[in-house]
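One structure below.
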Amino acid sequence: MVQANVTAAAVMSFTKALEDDSSAFYKKMADRWPEHEVQFTAFARDCERSKTQVTRTYQETISDALDATFSFEGLDLDKYRPDMALPADVGYSDALRIAIDLEETAIAFYRIASEQASLLATIPRAFNRVAKRREKRRLRLESLLADAGS
Amino acid sequence: MALLREPIEEPLDLRNYIDGEWVESEGELKDVVNPATGKVIARVPISTAEEIDEAVAAAQEAYLDWRTTPPLARVRCLFRLKELLEENFEELSRIQTMEHGKTIDESRGETRRGIEMVEVATGIPSLMMGYNLEDIASGIDEYLIRQPLGVFGIIGPFNFPFMVPLWFAPFAVATGNCIVVKPSSEDPISQIKIVELADEAGIPPGVWNVVNGGRTVVSGILDHPDIEGVCFVGSTPVGRDVIYRRCGETGKRVIAMCGAKNFSLVMPDAHLDRTIAACMTSFFGNAGQRCLSNANLVVVGEGLGEEELDAFYEEVIDRFVAAAKRMKVGYGLDESVQMGPLRDASKKQRIIRYIEKGVEEGAKLRLDGRQLELDQDLPGACFLGPTVFQDVTPDMVIGREEIFGPVACIMKASTFDQAVDMIHSNPYGNAASIFTSSGKWAREFQYRVECGNIGVNIGIAAPMAFFPFSGMKDSFFGTLHGQGREAIRFFTESKVVIQRWF
């Protein structure tokens, strides 16, 4: 269902939760597969960095005169809630596939949010930066999956 | 959607801040009520005449040391204040939503604007510089220096409890003056929080004082012989007939920023999607309780035949009403809410009387905010939905007077000239906007319209901290405006020195 009332504040909370949950997901991956701990821990840290950057951009850009209340009208946030569950019996390759899905969903969210935020000064740029970072991560995950011999 | 955490859990007992100390007032206490929930969140003292005298005396005493403190040292206090404001950004914003009612996006926007004032004021070592010319005559040099004046009073309004006193305070303090701030007694908590942080930032005792209260405090500021100037934001009757007049009588500098009835023109070549989105923020942001809100939307038929104009008029109204209908009204700490309540129930009743008047006068009520149904379980005493009238004329009471609420009046004009005449027929001159794709009409508009703040495809023409917040006609009384370089001039005397050495 399309949510009519999506404010900038709601989008920011969504973004924070997305990055927090993504970070938690990669920490779990690091715990589960210690041989790839360095890589997954770096992904987790990267998510935290993205959260800080986006939050900071919003707080430094928001102004009482901007159309923040209405910029994201019609954006259906539920479409961009990736499945981040990591079942106990999931294998390494399937876990990577979940991670790739997560990245694709998140990238799609950042791209559409960036388009809709075109009047909100530097916010679209911040969203695009995170999308780009996630795109790189997706490629790295693809390569890990290929290495895993799937 | 779940509510954000409320930073005020128990009612606060507010005190005055005088000479670096938190002082209990002898005055009676008044409840500060969260307009969304109806809960008491603080008790504010209505201070006495003696208490304002004490604050002015403390400021006067602090002045001599403060004005001789090097500007670099003064602004280092402001740099620290800015950092503290950033650290407390979210709490400060949520407090505004709790005490005023605005949405959390609006509160965060207000916090940012306030911080920007502090940021600009940290540039005082450059901004306060004078200028010079040598050899104006044989061996004679002339130069101008800017000197602070002493103690200033700042009287804040209820609609922007955090930001508005900061239009003045950082500039006054950075230039070496001392201040006494009187926050609105309706929502004083933000100013108390700011001065807590100013104290933590190391601003010396007596430089930045806060005295809560009402008319007695205002009279004390206006009449006090040791106050050099007054900054006021509020209604036109008070600003013009009390503040401006009394400052004239007592020889004080004055900035009195007052009421408004802002017009917005929609030309046939306007980008309608963006115009309507901008209008929602402009007409209904802060529940219409802002002096830069647009109040009258004029659909202009320049170049159109009568039938085409009628069709364009109907299209704009239909889209405006459809967008306004979709707005979610509720408690601003719910992030899905797009408009909060009015500050108090009496304001709602006052606006309802205007709606009734509009109906009586024959305007067509297209969207009736009185019929609002809240999704949330909240007392409805202060809530009013977006309201839209069409077929309003500039001579109707609703088209002429400042309603200060979420009521849009839509009008029709055949030509651009007729629309400009409508603007000029109104006594206010705070802001006006035009929505157009034509540079010609935009240029004509900014050139001819007698309003202090002009928006071109902008719904809220709010000047940034480094520009003056202008205003004309019955919207402004004084000479220099708040913010930016004009604020520097307001808070300083220009002294000219002509010098020769034998």
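Residue numbers (our numbering), protein chains in the order written: chain W, 74 to 223; chain A, 1239 to 1740.
In this text, a Cβ means the ideal position worked out from N, Cα and C, and glycines have one as well.
Item to complete: State the DSSP-derived secondary structure class of E1466/A, mapped to helix, strand or coil.
Response: strand
Worksheet item: Using a Cβ-Cβ cut-off of 6 Å (strictly less than) and excluding sequence neighbours within five positions of S1675/A, which residues of its own chain qualify?
Response: D1507
Worksheet item: Does any residue of chain A bring its CB to less than 7 Å from the CB of F143/W?
Response: yes
Worksheet item: So, helix, strand or coil for C1416/A, using DSSP?
Response: Shown here, C1416/A sits in a strand according to DSSP, grouped into three states.
Discussion item. Within 7 Å of any Cβ in chain W, is that where the Cβ of I1736/A sits?
Written reply: no
Discussion item. Going by DSSP in three states, P1386/A sits in which element: helix, strand or coil?
Written reply: strand
Practice prompt. With 9 Å as the limit, tell me which residues of the stretch 109–135 of chain W have their beta carbon closer than that to any beta carbon of chain A; keep them in chain order.
Written response: Y131, Q132, E133, T134 and I135
Discussion item. For V1476/A, tell me which candidate among I1393/A, E1731/A, E1438/A and A1407/A has the shortest Cα-Cα distance.
Written reply: I1393/A
Worksheet item: Are at least three pairs of beta-carbons, each pair with one atom in the stretch 1298–1308 of chain A and one in the stretch 1440–1449 of chain A, less than 8 Å apart?
Response: With three or more CB-CB distances shorter than 8 Å, the stretch 1298–1308 of chain A counts as touching the stretch 1440–1449 of chain A.
Fill in: V1358/A vs F1704/A beta-carbon contact at 7 Å
yes
Item to complete: Please decide whether S86/W counts as near chain A, where near means a Cβ-Cβ distance under 7 Å.
Response: yes
Worksheet item: Between V1433/A and the rest of its own chain, which residues show a CB-CB distance below 7 Å, the 5 nearest in sequence each way excluded?
Response: Cβ within range, chain order: Y1255, W1446 and V1448.
Discussion item. Applying the 10 Å Cβ sphere with the 16-neighbour rule, what's the burial state of S216/W?
Written reply: Exposed, because fewer than 16 other Cβ atoms sit within 10 Å of the Cβ of S216/W.
Worksheet item: If you scan the stretch 1531–1579 of chain A from start to end, which runs of the beta strand (DSSP E) of 3 or more residues do you find wholly inside it?
Response: 1532–1538
Worksheet item: Does the stretch 1569–1580 of chain A come within contact of the stretch 1512–1526 of chain A, defined as at least 3 CB pairs closer than 8 Å?
Response: In the pairwise beta carbon analysis, the stretch 1569–1580 of chain A is classified as touching the stretch 1512–1526 of chain A: at least three pairs are separated by under 8 Å.
Worksheet item: Do three or more CB pairs link the stretch 1424–1432 of chain A to the stretch 1334–1354 of chain A at distances below 8 Å?
Response: Pairwise C-beta distances place the stretch 1424–1432 of chain A in contact with the stretch 1334–1354 of chain A, as three or more of them are shorter than 8 Å.
Worksheet item: With I1736/A and E1380/A assumed to form a contact (beta carbons below 8 Å), what rounded beta-carbon distance in angstroms separates them?
Response: 5 Å
Discussion item. My output table needs one value for L1612/A: the three-state DSSP class, helix, strand or coil.
Written reply: coil
Worksheet item: Going by beta carbon distance, what residues of the same chain come within less than 7 Å of V75/W, once the five residues before and after it are set aside?
Response: Because the pLDDT of V75/W is 44, which lies under 50, any placement of that residue in the model is unreliable, and the number read from its coordinates should be weighed accordingly. Excluding sequence neighbours, V75/W sits near G147 and D149.
Discussion item. Can you tell me whether D167/W is helix, strand or coil according to DSSP?
Written reply: helix
Worksheet item: Taking C-alpha atoms, which residue in H1509/A, R1484/A and A1295/A lies nearest to V1694/A?
Response: H1509/A
Worksheet item: If contact means a Cβ-Cβ distance below 7 Å, which residues of the stretch 1332–1362 of chain A contact chain W?
Response: T1341, I1342, D1343, E1344, R1346, G1347, E1348, R1350 and R1351
Worksheet item: Near K1185/A, what residues of its chain come up, given a Cβ to Cβ distance below 7 Å and the 5 sequence neighbours on each side ignored?
Response: Residue 1185/A falls outside the range modelled here, since chain A spans only 1239 to 1740, and no answer is possible.
Practice prompt. Report yes if the C-beta of A1561/A is less than 6 Å from at least one heavy atom of the ligand GTP; otherwise report no.
Written response: With respect to small molecules bound, the structure shown includes none, and the ligand GTP cannot be examined in it.
Worksheet item: Can you list the residues of chain W that K1566/A reaches, using a CB-CB cut of under 7 Å?
Response: N78
Discussion item. Output needed in chain order: residues of the stretch 1503–1522 of chain A with a Cβ under 7 Å from some Cβ in chain W.
Written reply: A1515, A1516, M1518 and T1519
Worksheet entry | Classification of P1463/A by the beta-carbon crowding that lies within 10 angstroms, buried from 16 upward | exposed
Fill in: Three-way DSSP call (helix, strand, coil) for P155/W in this model
coil
Item to complete: Give the DSSP bridge partners of Y1255/A, in chain order.
Response: W1260/A and V1448/A
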